[in-house]
Amino acid sequence: MLINTKAIVLRHAAYNDSYSVAQLFVRECGRVSYLIARSPKRAKGGGGVRLLMSPLYELEITAEHKPHRDLHFIREAKLCAGRARIQSDPVKNSVALFLAEFLYLTLRLPEADTEVYDFIADSINRLESADCSAANFHLVFLYRLLSPMGLIPDMQLDGRQRSEWFDPADGRFVSHPPTHGKGIPPQEAAYMPLFSRITYDNMWAFRLSRQERRRVLDYLVDYYRFHLPGFPQLKTPDILSALFDK
Numbered sequence: 018m019l020i021n022t023k024a025i026v027l028r029h030a031a032y033n034d035s036y037s038v039a040q041l042f043v044r045e046c047g048r049v050s051y052l053i054a055r056s057p058k059r060a061k062g063g064g065g066v067r068l069l070m071s072p073l074y075e076l077e078i079t080a081e082h083k084p085h086r087d088l089h090f091i092r093e094a095k096l097c098a099g100r101a102r103i104q105s106d107p108v109k110n111s112v113a114l115f116l117a118e119f120l121y122l123t124l125r126l127p128e129a130d131t132e133v134y135d136f137i138a139d140s141i142n143r144l145e146s147a148d149c150s151a152a153n154f155h156l157v158f159l160y161r162l163l164s165p166m167g168l169i170p171d172m173q174l175d176g177r178q179r180s181e182w183f184d185p186a187d188g189r190f191v192s193h194p195p196t197h198g199k200g201i202p203p204q205e206a207a208y209m210p211l212f213s214r215i216t217y218d219n220m221w222a223f224r225l226s227r228q229e230r231r232r233v234l235d236y237l238v239d240y241y242r243f244h245l246p247g248f249p250q251l252k253t254p255d256i257l258s259a260l261f262d263k
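For the sequence shown, counting from 1, position 1 maps to 18 in the numbering used here; every step adds exactly one.
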């Protein structure tokens, strides 16, 4: 069966001497693995497909899907929009590497989710076109992705709850430190309703130190880890921290 759709590249890695495997998040299919010829002579749609397998590229593809197969083929592909600014800007490029790793580990099922797909595609375009600092972009992305994924926490906090902890396992404020040891302490949890207002349009106004930005990132990743069992350790946050150190 041939399908025509849009897809976002998550990862591309060598498979053997003749082929590599690309993991794509396909708008109508969810996560799909494609066998990509490393030699133009072997490529069904020409050797240009391999050149487009860069993380976070959004593509229009014509793909051949066969039942009961784990690996499929892309016959044709073209880039939806350029990514020159992401590739040339060290901050944007590092953020993009983080997002690609995060999405690769998060989007694991071959199930269509057009709301999640559209959010990711719009976010990547915003990263490419952003003229302000992108230092908080990944924080906005992780928080705003919670909604289309159905993981949004309860951020209600009134004046009588200023001494409460936030429990990421339950996604709500609690009166005592969670026993799992990953709770957010009251002095930081009190700012969470404010942080919940962060968007791509106002992210430049949130003045965070390197340490604060890393803490927020760790809290967000811990929240995903509680709600997505089997979520492994990320490697790219250390790259972001090293970059912002400079």
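Think of the CB as a built atom: it goes at the ideal place given N, C-alpha and C, for glycine as much as any other residue.
Boundaries (first-last residue) of the beta strand (DSSP E) holding F223: No beta strand (DSSP E) contains F223, which DSSP labels as neither H nor E.
The region 225 to 234 in contact with the region 147 to 161 per 3-pair CB rule at 8 Å: yes
Endpoints, alpha helix (DSSP H) assigned at E118: 107 to 123
Minimum C-alpha distance to I103 - residue among V26, I141, Y121: I141
Touch test, the region 227 to 236 against the region 120 to 127, Cβ-Cβ under 8 Å, three pairs minimum: no
Exposed unless 16 or more other CB atoms sit within 10 angstroms - verdict on G200: buried
Residue closest to T79, alpha-carbon to alpha-carbon, out of S146, L19, Y241: L19
Whole-angstrom distance between L69 and I53, CA atom to CA atom: 11 Å
Inter-residue Cα distance where the pair is Q250 and E118: 10 Å
Closest by C-alpha distance to R48, when choosing among P127, T131, H89: P127
Closest Cα partner of P246 within the set P210, L257, A186, E205: A186
C-alpha gap between K14 and G198, whole angstroms: Absent from the model: residue 14. The displayed extent of the chain is 18 to 263, so no value can be given.
DSSP-derived helix/strand/coil call for F158: helix
Length at least 3, wholly inside the region 178 to 226: the beta strand (DSSP E) runs in chain order: 182 to 184, 189 to 191
Own chain partners of T131 with C-beta closer than 7 Å, once the 5 adjacent residues on each side are dropped: R44
Counted within 10 angstroms of its Cβ, other Cβ atoms place D184 as buried (16 or more) or exposed: buried
Beta-carbon separation (whole angstroms), L73 vs A94, contact threshold 8 Å: The pair is not a contact, with the Cβ atoms about 15 Å apart (cut-off 8 Å).
T79, DSSP secondary structure in three states: strand
For D139 and E205, the rounded distance between their alpha carbons: 30 Å
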